[in-house]
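Visitor: Numbering (full-length UniProt numbering), first residue to last: 1 to 923.
Starting off with a structure, shown below.
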């Protein structure tokens, strides 16, 4: 700052002298400093030294590459410009090759969050040195210590927990800030070595489209964004890509220019809806009813495609009419399999075994000379049976567009119009964002839309369900993160673990009326708790109980979790012996730690990042050295394991048995680094790039020079990633006739598990979410992703704050505001039975008058009295997402377990009183 002031003073001094010369000479343009230059490219351009201020902005010492690996689905390659060891700016690389001449290219990928990372990494909340708590937890008093002291004290406390309580009492959870491969591998490998509790972070935050797993057996198999381009019908269901998928949204609108029909279902007229051919202003949380009304029209008007249904779905499978169970081999043959099923062959007029089921050895969907019936009633060895499709027809008949209009707000004529458009499309895609999984009826929404698409023959190249995920094949990373399969972390169901360990049942009982809740969702809290406990007792869903210590890596868990204050209290009570936070910045979770270990930012480490919306693996080349004493995550875990090994040997702590696994702390560092071969982030990146098949044998030097790698066919998990076309999900099934990873080997629309029977959900149906009618508070509440941050990251950046109101705000319809005496810009109080929070009111006419919207991600310290919206959010779990022991419905990490549902509670609103907030803005 001092240098800048000096230059500016000299500049002004020179300017004043010049001004005097001008007046003395009588020449208005006496000095070339102020003389306009008409021919800027002339050979005698006058030197004007003040222009150096601007020239210097465009000089640098070196250029590196990086991306931004927060939980953003973009993953964009950037050039990082460095001068005097400081990042001065960043710029999109914009050199991705075009996949095919008929598909628009991906350039330039990036958004405003990526464009300001160079300022965020140097802001005041950046962590630079290891810190040890010097006061009470959360008091904000810290002592700067050395890495040696920090790792030794943490190592001793981890060993103490092992000795006193045994393995399995250390929670080693990493969150959405660790999305790059090397950064994620270090803590995951550490967790595998110590047997740490590692939650499914997708369901922990509530992002899993569970109905997609129920239908397809894989919720993480979806479209790359370039595969949207050749669709001729796209429905945006609970997704706002113009705000939250900025680098990819252009493919939707390019598809529109290419002739596609684009529609949107959203409660508010959002930045994506305004560009569609049709906005359907759906009532919040009523999406399963719209899906089932589509199904109703498709069946009633016979718009379905029997060929696709017979081969790709379980709709022809036989169901017993006496007990509603699928007909199994075990029903007909003594000792027969309960994973072999039947359909009725119209050619031979008899029941035949369906190929490709979990219990069948012939793993194909090819029908051969069999023509399965999709309708009718038959008899098999004295057992009366019908088809799954007949059961679907009965359920769908309940949901005519006229009957669903009251719930959805969508006119029957519009429903019929869109069902016909979708059925007639050559390639139709229904896109579901993470808002979908924020509701307890997520399973019904995504299952219903999967049925809509399957009935109309949309799968593989002809479309399907877009779940906002594609997981690529990275075998070397998988080996590292899982410690070569020799030892493992304690993988835990995410939403279940957070709900129980965070004491969230208390908030649910405070907020919801049991009788009203059951009328809305089909079960009450007592039944939910009973089923939750049964799932744990039967081993369907893993939960490891109370903890004694916690290591949190890149997860702002005390901000993001619902009932956040209660959650924090419970975790700090349990983790009394140790709480370590590894982080880039002092966020709302790091504030409460015993030890804070500073991690390198995205521009300060070697790494690689892939993400499912495209085929490009972006390279992080460590453009600058880490700020202060911060270190890459891999090196932090290497230091910690080294100290654990040294201290265990010094203290004589021998191998500790952990079930069938031996946790040998005497070799933990040697094991972590593969005997010194993988000490640094560079070592790990070189190994992953040069030894993993999906990267095609490129060297780390070649990758670092270019800034990205175009992945090859080996990247596809379900089928190869073709070099010249977009990636469509499940073409291995639709083209190659491979079975789906489901019980029947087909897209599944019948589940005869006892819990599905109990909740009358054996086939896709519709259920309401909780909302205001399950409580005593009248206003619906929902919280979409923010445009001006990725969760809480970049939320306090000064440049992004200037583009909005600069403080937490809620969106309110002016009609509701008038009823409550609220003006635009007023500070308001939102409250329910669990607490309250304050925010600025922002008028938003397109939102329904019975709803409040608030973009999530604000840090508690940005709120009045540090009370954020999550303090009062009540949640519960969907019991059907806790089902196990039924084919593919079993605990699957990142595949099948219960979400933390965040949009179930409701509020009332009033103008804030100055005495309540003690804030000068309200006076």
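The beta carbon of each residue, even a glycine, is placed where N, CA and C say it ideally should be.
Please report the distance separating the alpha-carbon of residue 562 from that of residue 872.
Guide: Roughly 7 Å separates the two Cα atoms.
Visitor: Candidates 576, 596, 857: which alpha carbon is nearest residue 584's?
Guide: Closest by alpha carbon: 596.
Visitor: In this structure, what does DSSP give as the bridge partners for residue 782?
Guide: DSSP output for residue 782 lists 853 as bridge partner(s).
Visitor: So residue 463 and residue 231 are in contact, right, with Cβ under 8 Å, and what is the actual spacing, rounded?
Guide: Right, their Cβ atoms sit about 6 Å apart.
Visitor: Helix, strand or coil: how does DSSP classify residue 203 here?
Guide: Residue state, collapsed to three classes: helix.
Visitor: Only counting runs of 4 or more residues, tell me where the alpha helix (DSSP H) segments fall wholly within the stretch 145 to 223, in order along the chain.
Guide: The qualifying runs are 147 to 165, 181 to 194, 201 to 205, 210 to 216.
Visitor: In the DSSP output, what is residue 83 paired with across the bridge?
Guide: DSSP output for residue 83 lists 86 as bridge partner(s).
Visitor: Tell me whether residue 728 is buried or exposed, calling it buried when 16 or more other Cβ atoms sit within 10 Å of its Cβ.
Guide: Per the 10 Å Cβ criterion, buried.
Visitor: Which first and last residues belong to the alpha helix (DSSP H) in which residue 421 is found?
Guide: Its alpha helix (DSSP H) spans residues 412 to 424.
Visitor: Can you tell me the Cα-Cα spacing of residue 439 and residue 876, whole angstroms?
Guide: So the alpha carbons of these two residues sit roughly 10 Å apart.
Visitor: With residue 279 as the anchor, note down where its beta strand (DSSP E) starts and where it stops.
Guide: Note, residue 279: beta strand (DSSP E), 278 to 280.
Visitor: So the beta strand (DSSP E) residue 579 belongs to, where does it begin and stop?
Guide: That run of the beta strand (DSSP E) goes 578 to 583.
Visitor: Taking Cβ to Cβ, would you say residue 187 is nearer than 8 Å to residue 172?
Guide: For residue 187 and residue 172, yes; Cβs fall inside 8 Å.
Visitor: Per DSSP, residue 63 forms a beta bridge with which residues?
Guide: Answer is 81, bridged to residue 63.
Visitor: If you measure between the beta carbons of residue 720 and residue 365, is that distance less than 8 Å?
Guide: Taking 8 Å as the Cβ cut-off, residue 720 and residue 365 do not qualify as a contacting pair.
Visitor: Using only the alpha-carbon positions, how far apart do residue 641 and residue 668 sit?
Guide: Straight-line Cα distance between these residues: approximately 6 Å.
Visitor: Check residue 448 in the structure and name its three-state DSSP category.
Guide: Reduced to three states, the DSSP call for residue 448 is helix.
Visitor: Which residue from 378, 261, 339 puts its Cα closest to that of residue 321?
Guide: Of the candidates 378, 261, 339, the one whose C-alpha sits nearest the C-alpha of residue 321 is 378.
Visitor: At 3 residues or longer, what runs of the beta strand (DSSP E) sit wholly inside the stretch 649 to 685?
Guide: The qualifying runs are 656 to 658, 661 to 663.
Visitor: Mind pulling the beta strand (DSSP E) runs of 3 or more residues that sit fully within the stretch 454 to 536?
Guide: Taking only runs of at least 3 residues, the beta strand (DSSP E) segments lying wholly in the stretch 454 to 536 are 463 to 466, 490 to 492.
Visitor: If residue 298 and residue 423 are in contact, beta carbons under 8 Å, what's the gap, nearest whole angstrom?
Guide: That pair is a contact at about 6 Å.
Visitor: In three-state DSSP terms, what is residue 548?
Guide: The answer is coil: DSSP assigns residue 548 none of H, G, I, E or B.
Visitor: What do you reckon, are the CB atoms on residue 663 and residue 194 nearer than 8 Å?
Guide: Their beta carbons are under 8 Å apart, which means residue 663 touches residue 194 by this criterion.
Visitor: Kindly indicate which residue of 347, 851, 328, 121 has the alpha-carbon position closest to the one of residue 283.
Guide: For residue 283, the nearest C-alpha among the options comes from 851.
Visitor: Which residues mark the beginning and the end of the alpha helix (DSSP H) in which residue 332 is found?
Guide: Unbroken alpha helix (DSSP H) run through residue 332: 329 to 332.
Visitor: In angstroms, rounded to a whole number, what distance separates the CA positions of residue 22 and residue 51?
Guide: With a pLDDT of only 38 at residue 22, under 50, the local geometry of the prediction cannot be trusted, and the value read off the model is given with reservation. Cα-Cα distance, rounded: 20 Å.
Visitor: What is the rounded straight-line gap between the Cα of residue 594 and the Cα of residue 394?
Guide: One C-alpha to the other measures close to 59 Å.
Visitor: Are three or more beta carbon pairs between the stretch 340 to 360 and the stretch 403 to 416 nearer than 8 Å?
Guide: Output reads no: the stretch 403 to 416 does not touch the stretch 340 to 360.
Visitor: Do you know offhand how far residue 939's Cα is from residue 535's?
Guide: This structure cannot speak to residue 939, because the chain is shown only from 1 to 923.
Visitor: Use the C-beta contact count for residue 46: other C-beta atoms within 10 angstroms, 16 or more gives buried, fewer gives exposed.
Guide: The residue is exposed, with fewer than 16 neighbouring Cβ atoms inside 10 Å.
Visitor: Using the C-alpha atoms, what's the distance from residue 895 back to residue 747?
Guide: Going by the C-alpha atoms only, they are around 16 Å apart.
Visitor: Going by CA-CA distance only, name the one from 358, 351, 577 that's closest to residue 370.
Guide: Selected option, being the one with the closest Cα: 351.
Visitor: Determine, using beta carbons only, whether residue 868 and residue 837 come nearer to each other than 8 Å.
Guide: Going by C-beta atoms, residue 868 is nearer than 8 Å to residue 837.
Visitor: Tell me whether the stretch 455 to 475 and the stretch 764 to 783 touch, counting them as touching only if at least three CB pairs, one residue from each stretch, are closer than 8 Å.
Guide: Contact between the stretch 455 to 475 and the stretch 764 to 783 is absent, because fewer than three Cβ pairs lie under 8 Å.
Visitor: Tell me the residue span of the beta strand (DSSP E) that contains residue 235.
Guide: Looking at the DSSP string, the run of the beta strand (DSSP E) that includes residue 235 is 233 to 237.
Visitor: Report yes if the CB atom of residue 811 is closer than 8 Å to the CB atom of residue 853, and no otherwise.
Guide: Yes, Cβ-Cβ distance for residue 811 and residue 853 is below 8 Å.
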